[in-house]
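Engineer: Take any residue in the sequence shown, count from 1 to its spot, add 44: that is its number in the numbering used here. Ideal placement from N, C-alpha and C gives every residue a C-beta, glycine not left out. Dropping a structure here in structure tokens format, bear with me for questions.
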Amino acid sequence: MEDNDIKIETDEFILRPWKEEDAKRLAVIANNRKIVDNLRDGIPHPYSIDDARQFITLASQNYTSSKVFAIEINGEASGSIGAFIEDNVHRKTAELGYYLAEEYWGKGIMTKVLRSMAKYLFENFDLIRVYAQPFANNTGSRRALEKAGFRLEGTLKNNVIKNGVVQDDCIYAILKDEL
45 MEDNDIKIET DEFILRPWKE EDAKRLAVIA NNRKIVDNLR DGIPHPYSID DARQFITLAS
105 QNYTSSKVFA IEINGEASGS IGAFIEDNVH RKTAELGYYL AEEYWGKGIM TKVLRSMAKY
165 LFENFDLIRV YAQPFANNTG SRRALEKAGF RLEGTLKNNV IKNGVVQDDC IYAILKDEL
């Protein structure tokens, strides 16, 4: 199955490939400093429509080591979730990265997105573990992971530098037999 054919639908959202026409909405979402401050470096701020187009082009590539989907809510792209499949000794593990438009925070949507994505990964790839690594101060992301069934495996002290500040991050994971 081609990535462009993949669509995961629920009553609240659809996980689907990014489309060129999503660029304007993506530029608005990703230009939110509250979102960017909770993501790894690599996402520019301010975030332009050209940045959005470049991201969509990359996300649309059919890579075997990554799967990136738009989170569509009420007919429009409202966030993103990606899985990055590890290699070498971690070849049965995938890391998740994700964000959601601020207007949908606190509504339980990301919890369901995380659970749906983990289910998709376990059903379609030879994986035994899916994990995410939110910054320790990102309580919303941590809560969504916990509610989705991910368990806190540890806190990595002084592990990241974001905006010039040294801070902790956490590792949350779910195993295939726990879903």
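Roughly how many angstroms lie between the CA atoms of residue 59 and residue 157, to the nearest whole one?
Structural biologist: Spanning the two alpha carbons is a distance of roughly 8 Å.
Engineer: Which of the three DSSP states is assigned to residue 117 in this structure?
Structural biologist: Note: residue 117 maps to strand in three-state DSSP.
Engineer: Would DSSP call residue 183 helix, strand or coil?
Structural biologist: Residue 183 falls in the helix class under three-state DSSP.
Engineer: Count the other C-beta atoms from every protein chain shown that fall within 10 angstroms of the C-beta of residue 53, then say buried if there are 16 or more, exposed otherwise.
Structural biologist: Exposed, by the Cβ-count rule.
Engineer: Have a look at residue 175 and residue 68 and give me their C-alpha separation to the nearest angstrom.
Structural biologist: Spanning the two alpha carbons is a distance of roughly 30 Å.
Engineer: Among the residues of its own chain, which have a CB less than 8 Å from the CB of residue 90, if the five just before and after it don't count?
Structural biologist: Within the same chain, residue 90 has close Cβ partners 75.
Engineer: Beta-carbon within less than 6 Å of residue 141's beta-carbon, same chain only, minus the 5 sequence neighbours each way: which residues are those?
Structural biologist: Around residue 141: 126.
Engineer: Name the one or two DSSP bridge partners that residue 217 has.
Structural biologist: Residue 217 is bridged to 175, 195.
Engineer: What does a CB cutoff of less than 8 Å around residue 101 pick up in its chain, not counting 5 residues either side in sequence?
Structural biologist: The answer is none, since no qualifying residue turns up.
Engineer: Give the secondary structure of residue 98 by DSSP, where H, G and I count as helix, E and B as strand, and everything else as coil.
Structural biologist: Helix at residue 98.
Engineer: Rounded to the nearest angstrom, how far is the Cβ of residue 138 from that of residue 128, given a contact under 8 Å?
Structural biologist: About 6 Å separates the two Cβ atoms, so the contact holds.
Engineer: Looking at residue 172 and residue 145, is the spacing between their C-beta atoms short of 9 Å?
Structural biologist: Taking 9 Å as the Cβ cut-off, residue 145 and residue 172 do not qualify as a contacting pair.
Engineer: Using a 10 Å radius around the Cβ and a threshold of 16 neighbouring Cβ atoms, would you call residue 36 buried or exposed?
Structural biologist: There is no way to answer for residue 36, as the model of the chain reaches only from 45 to 223.
Engineer: Going by beta-carbon coordinates alone, are residue 218 and residue 162 separated by less than 9 Å?
Structural biologist: Yes.
Engineer: May I have the straight-line CA-CA distance separating residue 94 from residue 62, to the nearest angstrom?
Structural biologist: Spanning the two alpha carbons is a distance of roughly 15 Å.
Engineer: Can you have a look at residue 208 and say buried or exposed, based on whether 16 or more other CB atoms are within 10 angstroms of its CB?
Structural biologist: Counting Cβ neighbours within 10 Å, residue 208 comes out exposed, since fewer than 16 surround it.
Engineer: What first and last residue would you give for the alpha helix (DSSP H) that runs through residue 107?
Structural biologist: Note, residue 107: premise wrong, no alpha helix (DSSP H); not H, not E.
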